[in-house]
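> Structure provided below as structure tokens; questions to follow.
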Amino acid sequence: GVAPSVALHIPWDATDDWKALKKFAQNLGIEIGAINPNVFQDDCYRLGSFAHENTSVRQRALEHHFECIEIMRKTGSKILSLWYADGTNYPGQGDFRRRKKYFLDCLAQVYSRMQGDERMLIEYKFFEPAFYHTDIADWGMAYCFASRLGERAQVLVDLGHHPQGTNIEHIVAFLLDEGKLGGFHFNNRKYADDDLTAGSINPYELFLIYCELAADQEAAKSVAYMIDQSHNVKPKLEAMIQTIMNLQTAYAKALIVDRRTLIETQRAGDVVAAEQQLIEAFNADVEPLLAQVRTEIGV
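The opening position of the sequence shown corresponds to residue 338 in this note's numbering, with each subsequent residue numbered one higher.
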């Protein structure tokens, strides 16, 4: 299919026999995607995981990450997807710089376990569940950590994890140019981390994000495309199909942008003509093309 892998969250998706799970998935034509450690639900993580003041709590979080790396290898996954709820709710609750040091030390230990073509993707989030500060609050902090760690560490962009009005396509272009765009969690939002169906609220933004990816397909070839949504009103299967179709539509429209004319009008300073190249591609009917492609690949 178009989306042939399923991410696992540990311990939510834990099993006693990972090899059997891998075989079961393969029999269904499915691969195991990213492995996601969970270091936020247990009571001991109430004040943080990697940023916790207690060494034993940080060590417990580390051991869970190491366990997840072993699960990666047993299931054939190549991606360790990292999101942390760590933060504070009140001024004075924690020391920003000390917490940053704790984080870097722990992430470095996790990174030291990465081998071959394995990658760790560091996700960021503006706020929630922390409401005063979040230890990895934006793409710059995630990029800083990833750069300090090495080439196997990259940034994961969740579309719902930004302040209102953030230019996500600019972030995508910057990270892609730096070789640090590791992957996406696709969804859409109206207010905060709403986890609505991708393209349901702002399809033009989704199109503009794909425009940056389509502009340099070689640089984007290793980017992991993941879906992180909460289908609690829509039927889950139909919502997932709708999501995939919205993503395909945005990508197809991005591919038909007249890039030669776009560059010419940009260099000539013709603002209206440059913008019009994007508007015309966005308004194009790509459904016949997508229907043909789906038929050709048998989905």
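Cβ atoms here follow ideal geometry from the backbone N, Cα and C, with glycine treated the same way. Keep in mind that this is a model prediction, so the values were computed, not measured.
Are the beta-carbon atoms of Ala340 and Phe377 separated by less than 9 angstroms?
Taking 9 angstroms as the Cβ cut-off, Ala340 and Phe377 do not qualify as a contacting pair.
> Whole angstroms are fine: how far does the CA of Gln396 sit from the CA of Glu612?
When rounded, the distance between both Cα atoms is 51 angstroms.
> Anyone know if the C-beta pair for Phe440 and Phe403 falls short of 9 angstroms?
Contact flag unset, no.
> The alpha helix (DSSP H) with Ser484 in it runs from where to where?
Unbroken alpha helix (DSSP H) run through Ser484: 476-486.
> Nearest to Met577 by CA position, among Ala535, His346, Glu617, Trp476, is which residue?
Residue Ala535 is the option with its Cα nearest to Met577.
> In chain order, what residues of the same chain lie with their CB nearer than 7 angstroms to the CB of Gln579, ignoring the 5 residues before and after it?
Closer than 7 angstroms at the Cβ level, and outside the excluded window around Gln579, lie Thr534.
> Check whether the Cβ atoms of Lys517 and Asp495 lie closer than 9 angstroms to each other.
For Lys517 and Asp495, no; Cβs fall outside 9 angstroms.
> Buried or exposed for His389, going by 16 or more other Cβ atoms inside 10 Å?
So His389 counts as buried.
> As a quick exercise: from His522, Ser559, Glu555, Asp553, pick the residue whose alpha carbon is nearest that of Leu543.
Of His522, Ser559, Glu555, Asp553, the residue nearest in Cα terms is His522.
> Assign Asn583 to one of two classes, buried (16 or more other C-beta atoms within 10 Å of its C-beta) or exposed (fewer than that).
Buried, by the Cβ-count rule.
> If you compare alpha carbons, which of Trp349, Ile369, Pro348 is closest to Leu358?
Per the Cα distances, Ile369.
> Do Leu458 and Gly413 come within 9 angstroms of each other at the CB atom, strictly closer than that value?
No, the Cβ-Cβ distance between Gly413 and Leu458 is not below 9 angstroms.
> Can you find a CB in chain C that lies within less than 9 angstroms of the CB of His522?
You won't find chain C in this structure, because it holds only one protein chain.
> Is Ala562 helix, strand or coil by DSSP?
A small correction: the amino acid at residue 562 is Tyr; Ala does not occupy that position in the sequence shown. If DSSP states are grouped into helix, strand and coil, Tyr562 belongs with the strands.
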